[in-house]
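Remarks on the structure that follows.
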Amino acid sequence: MNTTVEVLGFAREPAWLPWAVQYFFLIGISTAAFFLSLPGLVWRHPDWRGISRRALLAALVCGLTAPVALLADLHQPGRFLNFYLHPNLGSWMAWGSFFIPLYLLGLIGYAWLCLRPQMADLAKRPSPLAGLYRKLAYGGHDNPSAIKAAALVATLGAFLVLLYTGMEVMVVQARPLWNTAFLPVIFAVTAMTGGIGMTALFEALSGSRQSAPLLNRWLVRGSWLTLVLLTLWLAFGLTGSSPTGADTLAAMGGSFGWQMTGGWLFGSTMLTLWLARNERNSLIMPALLALHGAWLIRWIVFIGGQSLPKMGSASHPYILTLTPDSLLGIVGMAGLCITLYIILTSLIPWDDQANA
Amino acid sequence: MNAHPDLSRRAFFTALPAVTAGLAIPAHAADEANPHWAMLVDTRRCIACQACTMACSMENVSPEGQFRTVVATYAVTDQAGKTGLSVLPRLCNHCEEPPCIPVCPVGATFKRKDGIVLVDGERCVGCAYCVQACPYDARFVNHHTGKADKCTFCSHRVEAGLLPACVETCVGGARIFGDINHPQSDISRRLAAADGKTSVLKPEAGTTPRVFYIGLDQQLDGRVDGASTADMMWRPDTQGA
Chain A
1 MNTTVEVLGF AREPAWLPWA VQYFFLIGIS TAAFFLSLPG LVWRHPDWRG
51 ISRRALLAAL VCGLTAPVAL LADLHQPGRF LNFYLHPNLG SWMAWGSFFI
101 PLYLLGLIGY AWLCLRPQMA DLAKRPSPLA GLYRKLAYGG HDNPSAIKAA
151 ALVATLGAFL VLLYTGMEVM VVQARPLWNT AFLPVIFAVT AMTGGIGMTA
201 LFEALSGSRQ SAPLLNRWLV RGSWLTLVLL TLWLAFGLTG SSPTGADTLA
251 AMGGSFGWQM TGGWLFGSTM LTLWLARNER NSLIMPALLA LHGAWLIRWI
301 VFIGGQSLPK MGSASHPYIL TLTPDSLLGI VGMAGLCITL YIILTSLIPW
351 DDQANA
Chain B
357 MNAHPDLSRR AFFTALPAVT AGLAIPAHAA DEANPHWAML VDTRRCIACQ
407 ACTMACSMEN VSPEGQFRTV VATYAVTDQA GKTGLSVLPR LCNHCEEPPC
457 IPVCPVGATF KRKDGIVLVD GERCVGCAYC VQACPYDARF VNHHTGKADK
507 CTFCSHRVEA GLLPACVETC VGGARIFGDI NHPQSDISRR LAAADGKTSV
557 LKPEAGTTPR VFYIGLDQQL DGRVDGASTA DMMWRPDTQG A
C-alpha cells in the first residue's frame, strides 16, 4: 500500500451554513411540539391540557422562525419565488417548498381555532386591545370539529416536513455520513426530544411544574431511541454492514476531533436520559440538554459532514465567525424566537390560569 | 446603361436565397452531427504548473480562492520507499448521469445535447443542493453571485470555435478536448489508442463522467486516505493575515 501526502489540495468550504442547522433544528422542533399539542387541544386529555398549550406556543415560535433561516440561506430572499415558478418535482427540496406552507398554514389555522374562545374572553375585559381580540376571536366559538380538521391538515404537513427534511439529506450519495436510512429516523426522533425540550422550557418559564414527570417520561423514551439509533449506525459502520457508514468512519480516520464529537454526543444524550429518569420533577436542565442534543446532531450532520473530503485528503474545518451567515445568524435566529415568544405571550396568556 | 444596376440588383436578390440556404445548410449539418464534448487528461504529461487553474480563473473571472479547475498534487511513496509526484487535474466531469441535475429544486442545472452540463444563472436560487450532490467537489457557490458555479468546458469559447482556456494554456498538452462522437477527432483517436487504459473518477458513483484520465493513480480517484499538508499549514482565511 502506497502512502500519500497531499501537497496541494483543494477542499471546498461548507456550502450549507449554520442557517441550515438552524432551519432543520427549528422546523423539527416545531413539528414535534405541534404533535405534543394534540392530546390536550384536540383530544382534550386533562393531563395534557396545560402541556399542550405550551407545546402550541413552542410550535408557533419555532415554526414561524424556521423559514426565515431558510430564506437567509438563499443569499437573496426574493429567490424563493423560483421554487414556485420553476419547480423540479424530482427534487425533495422542491417538494419542501410546498410542504412548509402546508404545515405552517395548517398550524396557524389550528392555533387560531384553539385560541378563539380565549380571545373572546379577552375581548370582554377592559383593555386597549379589546377591539383587536374581538376581531381575532371572530365570534369566539369553540369548534372541536374545525379544530380537528385544521389539526389534520397540520398533521399531514408536519409528517411531510419531517419526511422531506430527512429524505432531502439522505439522498445525497456524495456524502456518506448523510446517505444512510438511519438519518431521517434520527432527525425525526431528535426533533421529538427537541420538541419536548422546548415545551418543557416554556413550561418552566410559565411557572408550571406539575407536568415535569409526564414530559420527562417522554424524554426518557426519546433519549433511549436516540441512543439505540446512534449505536446501530455505529455498529453497522464498524462491521461494514452499511457501506456508507464504513466510508464515513474511514473518512473520519480516527481523528481526535471526531472521537471527541462522538463522545460528546453519546455522553450528553446519556446525561439527558439520566436526568430525565432520576430528576423527574426537574424541567430546565433536561429541557436544555434535550435542545442541545437536537441541535448538536444537526450541527454534526451538516457542518461536520461537509468537512469530510469528497476528493483528496484535505478537510475544510468550519470556524464560527462574527458574520451574518455564521455566529450572528445563530444569535439572530435565537433573537427572533425570543421576540416571537415575547409578542405571543404578551398578547395571549398561555399559563394554566388562562386556560381555566 | 440603366439596365446594369437593375440586373445587378435582380441578380443579387435572386442569389440571396441560395446564399442564405448555403450558409444555413452547413450549420444545419453541424447540428445533425451532434457533437458530444469531452476531455481526456493525460496525467503523464501534467507537470502541476497550475497554468490551467490560472487560465480558467482569468477566463471565467472566478472569485478569489474559488476555482473551477485545479491540479491536486500528491507525494506518493511506494512500498520500496521511493517517493514520486502524482497529479490529479480536477474539473466538472460533465457526467452522462449527473447527480446535480435531479436534486436542483428549480431545474436550473441542465445538460445540453452536446454533453455540457450548465447552470442557468437566472433561475439558480443558490441553495447549494447541487454542490452537495456532486461527488467530485466540482461545484461551489460563487462568492460574487451567490449562485452555483462550475466548469462549463468554456462553452462560450467552444461556441466560438475555440478550445477551453485550460486546454489552450496547458504547457504539456495534458488536456485534450474534443468531440467524442467524431471518430477522427483528436480525443477520439487518443481514446482509441489508449485501448481501454483510460479511467474516470469514482466509477462506482455510476455517474458516467465525460472527463477521462490516462495514467491516473487509482489511489487518487476519490477520497484519498493520507495526510494533507493543508491541514498542517497556515491558512490566511482562517488564521488571519
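Taken in order, these protein sequences are the chains called A and B. Counted the way the numbering used here counts, the first sequence spans residues 1 to 356. Counted the way the numbering used here counts, the second sequence spans residues 357 to 597. Where a beta carbon is used, it is the ideal one built from N, C-alpha and C, also for glycine.
Buried versus exposed call for residue i [16 or more other C-beta atoms within 10 Å across all chains shown]
i               : result
H45 of chain A  : exposed
P382 of chain B : For P382 of chain B, the pLDDT reaches just 46, beneath the cut-off of 50, and the residue's location in the model is therefore unreliable, although a value from the coordinates is still provided. Its Cβ having fewer than 16 others within 10 Å, P382 of chain B is exposed.
N88 of chain A  : buried
G437 of chain B : exposed
N390 of chain B : exposed
Y138 of chain A : exposed
Q210 of chain A : exposed
P455 of chain B : buried
I338 of chain A : exposed
D142 of chain A : exposed
G471 of chain B : buried
M198 of chain A : buried
P176 of chain A : buried
W43 of chain A  : exposed
G96 of chain A  : buried
K135 of chain A : exposed
F256 of chain A : exposed
G517 of chain B : exposed
S30 of chain A  : buried
T239 of chain A : exposed
Range of the contiguous alpha helix (DSSP H) that encloses residue i
i               : result
E203 of chain A : 182-205
V161 of chain A : 144-170
D247 of chain A : 243-252
F34 of chain A  : 18-41
T433 of chain B : Looking at the DSSP string, T433 of chain B is not in any alpha helix (DSSP H); the run it does join, the beta strand (DSSP E), is 426-433.
T396 of chain A : It is not possible to answer for residue 396 of chain A, since the shown part of chain A is limited to 1 through 356.
P309 of chain A : Where P309 of chain A is concerned, there is no enclosing alpha helix (DSSP H), given that its DSSP letter is neither H nor E.
S511 of chain B : 511-515
Q488 of chain B : 485-489
Limits of the unbroken beta strand (DSSP E) element including residue i
i               : result
R400 of chain B : Unbroken run through R400 of chain B: none, as it is neither H nor E.
K467 of chain B : 465-467
E6 of chain A   : 3-8
L283 of chain A : Taken as a continuous stretch (DSSP letters only), L283 of chain A belongs to no beta strand (DSSP E), as it is neither H nor E.
R531 of chain B : 531-535
P445 of chain B : 439-446
V473 of chain B : 473-475
Residues of its chain near residue i, where Cβ-Cβ distance is below 6 Å and the 5 sequence neighbours each way are ignored
i               : result
P559 of chain B : none
S541 of chain B : G534, D535
F236 of chain A : S242, G245
F509 of chain B : W393, I472, P520
C490 of chain B : C456
M252 of chain A : W258
G312 of chain A : E6, G9
Cβ-Cβ separation, residue j to residue i (assumed contact under 8 Å), whole Å
i               : j               : result
T554 of chain B : I570 of chain B : 6 Å
T193 of chain A : A334 of chain A : 19 Å between Cβ atoms; not a contact.
K506 of chain B : R579 of chain B : With 8 Å as the limit, K506 of chain B and R579 of chain B do not qualify as a contact, their Cβ atoms being about 20 Å apart.
L229 of chain A : V172 of chain A : Contact flag wrong, Cβ pair sits at about 19 Å.
V462 of chain B : G482 of chain B : V462 of chain B to G482 of chain B, Cβ: 10 Å. No contact.
A94 of chain A  : Q22 of chain A  : Rounded, the Cβ-Cβ distance is 21 Å, inconsistent with contact.
T65 of chain A  : L344 of chain A : About 12 Å; that fails the 8 Å criterion.
R495 of chain B : C486 of chain B : 6 Å
W350 of chain A : S206 of chain A : 6 Å
I330 of chain A : P18 of chain A  : 5 Å
Close Cβ partners of residue i (< 7 Å) along its chain, the five nearest in sequence each way excluded
i               : result
L115 of chain A : I348
G562 of chain B : E453
A33 of chain A  : A55, A58, A59, C62, G195, M198, T199
R468 of chain B : L474
G222 of chain A : V189, M192, T193, I196
Cut-off 8 Å between Cβ atoms - residues of its own chain near residue i, not counting five sequence neighbours on either side
i               : result
A181 of chain A : M170
A404 of chain B : V427, T429, L441, V443
L328 of chain A : L322
S268 of chain A : L289, H292, G293, L296
L265 of chain A : L230, G293, L296, I297, I300
P213 of chain A : R280, N281
beta-carbon residue i near the ligand GTP non-hydrogen atom, thresh 7 Å
i               : result
M333 of chain A : Among the components modelled here there is no ligand, and therefore nothing to report on the ligand GTP.
Check: What are the start and end residues of each continuous alpha helix (DSSP H) run of 4 or more residues lying completely inside the stretch 67-93 of chain A, in chain order?
Finding: 81-85
Next item on the list: Note down, one range per segment and in chain order, each beta strand (DSSP E) of at least 3 residues found wholly within the stretch 315-356 of chain A.
Entry: none
Checklist line | Within the stretch 539-597 of chain B, ranges of the beta strand (DSSP E) (whole runs, at least 3 residues) | finding: 567-570
Notebook entry, point to check: What residue ranges within the stretch 204-240 of chain A form continuous alpha helix (DSSP H) runs of no fewer than 4 residues, ordered along the chain?
Noted result: 212-239
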